[in-house]
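J.: To convert, count from 1 in the sequence shown and add 3; that's our numbering.
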Amino acid sequence: MKEDTRFAGAARSGQYVEQEDAPVEVPAAKANAAGAPALEQETKLTRAGAEESPAADTGVKPGALALYNTDELEIMKPASKGSRGFWNKATGGLLSLSPARKELEARALVNNQEQFEALIRQSTWTRGVGVLIANKKGNAGKTPTCLSLAAILASVRGGSVAAVEFTDDKGQLAYRAEGDPALGVGELARDLKNVTTQSQLRGYTVTQTSFSSVIGSTSRSRPPLTGQDVTGVSHLIDDYFTMRLMDTGNQYSSSAFTGALTVTDVLVIPTMNSMDSVFDALELLEFLEQQEGKSALLARTAIIVRLSDGRPEFKASRIANFFLEKGITEKQIFAVPYDEHIAERGELSLKKLTEPTRQAFTAIAAAVVAQANQSITEETLKGNKS
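The structure is reproduced here in structure tokens:
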């Protein structure tokens, strides 16, 4: 049995979106006769956090605490917030009241984010890492997922992350990114043999405020990319960047997509919370399983990202069940909350994403890095045996 190198709960970005179950209500503190706040109602803290609802039976327990690593926090410190924190301070430490639920959840969220960022920042490899963003359905969130993940990875790692457009024909990556490219992926594929330095390669990129680099398409039309174009550009990018995120098209049988699969270590499948988008994601998993070998492995280890665009949606539990039936585990399924900046379908900037959205993509980025660590380690071990 392979060791799971991920943090426990690393795939729990669902805490950043609304739950199907009603939230646990904690009565507001009342002031006592002396004007000091009363202690918050004592709440039994459990891993589940609330009674499980049959309607949301996906194996993920409802309630906020089920989604935080409360058991992995450092030594529990006394409360510093709310009425409990007030009494701890007012008595000069004579009282040492434990944190209330709200403060406990806030601490756990901070703790998780710090762990995620540490994993992202400290992971290293001896070659470039390829991350494929794919779903046949148009408007499934591929491009915003690609740009947002690249932004988080670059901002935490200090750069050396490239997002590249490997759609057959001209796509939307450059349009959704910051800046206007003078040269793009079409020109890079054309000039591949003449690009021999990082400075030359930079001429085909647009640097984002997150310090990620985007290689999209210019306003000019370009020839369709071939599998050879994709692998050649990928190998060049890997010479100068640590991570390469690939925004792909809608045709799995195309030469470009086939080429992208050969240079992929981690597969990310974005989907809207709609059945047409979900079914196309499931179709991709089936397609890859039929290919066997590396493609089948990518399907088994795929990371599923559920996004919301504000339209009516299917229940999260039903969507999760479809993927669970395909062998995807709960740790591989993430949720990103509705974000108006993404829904605008215009230029994306990391600083304009809401805090819950950034937190969700940080959790996803950590899962991507953890899977890359596992995949490359297994590849190295296999190479040493042969």
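In this text, a Cβ means the ideal position worked out from N, Cα and C, and glycines have one as well.
All values reported here derive from a predicted model rather than from experimental measurement.
When DSSP builds the beta bridges, which residues end up paired with D250?
T.: Paired residue(s): I136, E168.
J.: Ignoring anything shorter than 4 residues or poking outside the segment 235 to 302, list the alpha helix (DSSP H) runs there in chain order.
T.: 258 to 265, 278 to 294
J.: Checking the sheet assignment: what are the DSSP bridge partners for R309?
T.: Partner(s): T274, A338.
J.: How is the alpha helix (DSSP H) around V371 delimited, first residue to last?
T.: 358 to 388
J.: In the segment 184 to 231, which residue ranges form an unbroken beta strand (DSSP E) of at least 3 residues, counting only runs that do not cross its ends?
T.: 216 to 218, all fully within the segment 184 to 231.
J.: Roughly how many whole angstroms lie between the Cα atoms of A143 and A153?
T.: 17 Å
J.: I'd like to know whether the C-beta atoms of D241 and G131 end up nearer to each other than 8 Å.
T.: yes
J.: For F326, report the span of its alpha helix (DSSP H) as first-last.
T.: 319 to 328
J.: What are the boundary residues of the alpha helix (DSSP H) that L176 is part of?
T.: 176 to 179
J.: From L195 to Q125, what distance separates their C-alpha atoms?
T.: 31 Å
J.: Whose CA, out of T267, S277, K145, T274, lies closest to the CA of L291?
T.: T267
J.: Measuring alpha carbon to alpha carbon, tell me which of G182, A323, F317 ends up nearest L285.
T.: Here the closest residue by C-alpha is A323.
J.: Thinking just about the alpha-carbon of each residue, which of T199, L310, E190, R309 is nearest to the one in P226?
T.: E190
J.: Is the beta carbon of T170 sitting closer than 8 Å to the one on G252?
T.: yes
J.: Mind checking which residues open and close the alpha helix (DSSP H) that includes A143?
T.: Where A143 is concerned, there is no enclosing alpha helix (DSSP H), given that its DSSP letter is neither H nor E.
J.: In whole angstroms, what is the alpha-carbon distance linking T127 and F214?
T.: Going by the C-alpha atoms only, they are around 18 Å apart.
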